[in-house]
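Here's the structure, in structure tokens; my notes come after.
Protein chains: 2
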Amino acid sequence: MTSELHPKLLVSDAEAAIDFYTKALDATLDLRVADEQGVVNHAELTVGSATLALAQSVKEWGWNDPDSVGGSPVLITANVPDPDSTAARMVQLGAELVIPIENRPYGKRQGRVQDPFGHLWVISGDLRPGGRE
Amino acid sequence: MTSELHPKLLVSDAEAAIDFYTKALDATLDLRVADEQGVVNHAELTVGSATLALAQSVKEWGWNDPDSVGGSPVLITANVPDPDSTAARMVQLGAELVIPIENRPYGKRQGRVQDPFGHLWVISGDLRPGGRE
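Chain order of the listed sequences is F and V. Counting with my numbering, you get residues 121 to 253 for the letters of the first sequence. Counting with my numbering, you get residues 121 to 253 for the letters of the second sequence.
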């Protein structure tokens with residue numbers, strides 16, 4: 121069941137993005153809608169019980185990917201069991217670690233990743249006792 | 121309980137944004153964290169059972185709002201009982217209706233709104249039988 125509120129990420133390459141998110145976040149592809157040219161205009165993935173949607177950017181529709189826009193004003197926060205491991209996997213798959221995963225004074229272990237499509241992620245989990253700050 | 125995946129919207133005026141989203145989406149403010157200058161660096165709202173986070177943009181941290189970036193590559197999809205009513209309320213509160221709320225061939229009644237902070241929303245609900253296309 122699609123949640124009441126979820127982000128739909130516009131990307132320059134929807135197929136590569138589906139591949140990346142399924143591997144990086146252990147997501148399941150639930151829905152993939154493409155037009156006659158094979159352009160994905162809507163895909164929905166499930167991450168645990170949350171929904172992540174995405175689509176190929178289409179300038180004429182005002183659907184702009186991060187490169188076209190010049191960045192992103194939205195941080196997608198992913199609460200995961202092992203943020204260090206998730207971030208490492210994302211980097212292995214082509215993402216960039218922007219801010220290291222560390223224990224934070226506000227009680228979370230968090231860092232920031234920019235995925236290969238330019239989207240910004242806060243990868244977040246529980247504090248690691250005695251872990252690297 | 122914060123969901124596994126949720127968007128954190130960077131905005132030029134966090135207080136105004138909290139006010140807008142609580143009124144526009146009937147959201148509840150669960151958490152508001154501000155620094156000594158009163159700048160909100162983290163707020164969490166609940167929309168039904170979903171989480172919406174936001175913070176004041178801070179250029180030095182790489183936290184850029186839509187105006188600074190030049191737009192947004194993320195569409196926040198809100199599934200609501202009455203999309204026409206939600207969109208109208210958002211517009212009344214200062215948003216811009218970008219694409220009208222209409223029955224769509226893929227089985228949803230949807231349209232697009234740009235909120236006063238530049239964030240893009242897909243307001244979505246069930247088809248309205250015999251309603252305006």
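Note that the Cβ used here is the ideal one computed from N, Cα and C, for glycine as well.
### Message
Just checking: is the beta-carbon of residue 236(V) within a distance shorter than 9 Å of some beta-carbon in chain F?
### Response
For residue 236(V), the answer is no, since every Cβ of chain F falls outside 9 Å of its Cβ.
### Message
Restricting to Cα atoms, I'd like to know which of 220(V), 146(V), 135(V) is closest to residue 200(V).
### Response
Out of 220(V), 146(V), 135(V), 146(V) has the C-alpha closest to the C-alpha of residue 200(V).
#### Entry: Beta carbon proximity, residue 171(V) to chain F, threshold 9 Å
It does: the Cβ of residue 171(V) has a partner Cβ on chain F nearer than 9 Å.
#### Entry: Residues that residue 190(V) contacts on chain F, provided the C-beta gap is smaller than 7 Å
Chain F residues near residue 190(V): 189, 190.
#### Entry: Range covered by the alpha helix (DSSP H) that runs through residue 248(V)
For residue 248(V), there is no enclosing alpha helix (DSSP H), as DSSP marks it with neither H nor E.
### Message
Could you check whether the Cβ of residue 168(V) sits closer than 9 Å to any Cβ belonging to chain F?
### Response
Yes, contact with chain F.
### Query
So, residue 190(F) versus residue 182(V), is the Cβ gap smaller than 9 Å?
Cβ atoms of residue 190(F) and residue 182(V): not closer than 9 Å.
### Query
Which of helix, strand or coil does DSSP assign to residue 209(F)?
Reduced to three states, the DSSP call for residue 209(F) is helix.
#### Entry: Whole-Å CB distance - residue 152(F) paired with residue 170(F), under 8 Å assumed
That belief does not hold up - the Cβ atoms of residue 152(F) and residue 170(F) are roughly 18 Å apart, past 8 Å.
### Query
Is residue 125(F) closer than 9 Å to residue 196(V) when the C-beta atoms are compared?
Yes. Within cutoff.
### Task
Can you have a look at residue 207(V) and say buried or exposed, based on whether 16 or more other CB atoms are within 10 angstroms of its CB?
Residue 207(V) comes out buried.
### Cα-Cα separation between residue 223(V) and residue 246(F), rounded to whole angstroms
For residue 223(V) and residue 246(F), the gap between their C-alpha atoms comes out near 43 Å.
### Task
May I ask you to report which of helix, strand or coil DSSP gives residue 220(V)?
Note: residue 220(V) maps to strand in three-state DSSP.
### Between the CA atoms of residue 123(V) and residue 198(F) - distance to the nearest angstrom
So the two alpha carbons sit approximately 8 Å from each other.
### Task
Quick one: give me the first and last residue of the alpha helix (DSSP H) that residue 143(F) is part of.
Residues 134 to 145.
### Whole-angstrom distance between residue 194(V) and residue 130(F), CA atom to CA atom
Their Cα atoms are separated by approximately 6 Å.
### Query
From 176(V), 244(V), 136(V), 158(V), pick the residue whose C-alpha is nearest to that of residue 205(V); which is it?
Here the closest residue by C-alpha is 244(V).
#### Entry: Cβ of residue 123(F) within 9 Å of any chain V Cβ
Cβ-Cβ to chain V under 9 Å: yes for residue 123(F).
### Message
Given this structure, state the Cα-to-Cα distance separating residue 135(F) from residue 160(F), to the nearest angstrom.
### Response
Cα-Cα distance, rounded: 8 Å.
### Query
Using a Cβ-Cβ distance under 9 Å, would residue 197(F) count as near chain V?
Under the 9 Å criterion on CB atoms, residue 197(F) is classed as interfacial with respect to chain V.
### Query
By DSSP, does residue 236(F) sit in helix, in strand, or in coil?
If DSSP states are grouped into helix, strand and coil, residue 236(F) belongs with coil.
### Task
List the residues that DSSP assigns as beta-bridge partners of residue 199(F).
244(F), per the DSSP bridge assignment.
### Task
Whole angstroms is fine: what's the gap from residue 249(V)'s alpha carbon to residue 242(V)'s?
Using only the alpha carbons, I get a separation of about 20 Å.
### Message
Taking only three categories from DSSP, how would you classify residue 159(F)?
### Response
In this structure, residue 159(F) counts as coil in the three-state DSSP scheme.
### Query
Does residue 205(V) come within less than 9 Å of chain F when only Cβ atoms are used?
No, residue 205(V) lies away from the interface with chain F (no Cβ there is under 9 Å from its Cβ).
### Closest residue to residue 133(F) among 156(F), 143(F), 144(F), 178(F) (Cα-Cα distance)
Minimum Cα-Cα distance from residue 133(F) among the listed residues 156(F), 143(F), 144(F), 178(F) corresponds to 178(F).
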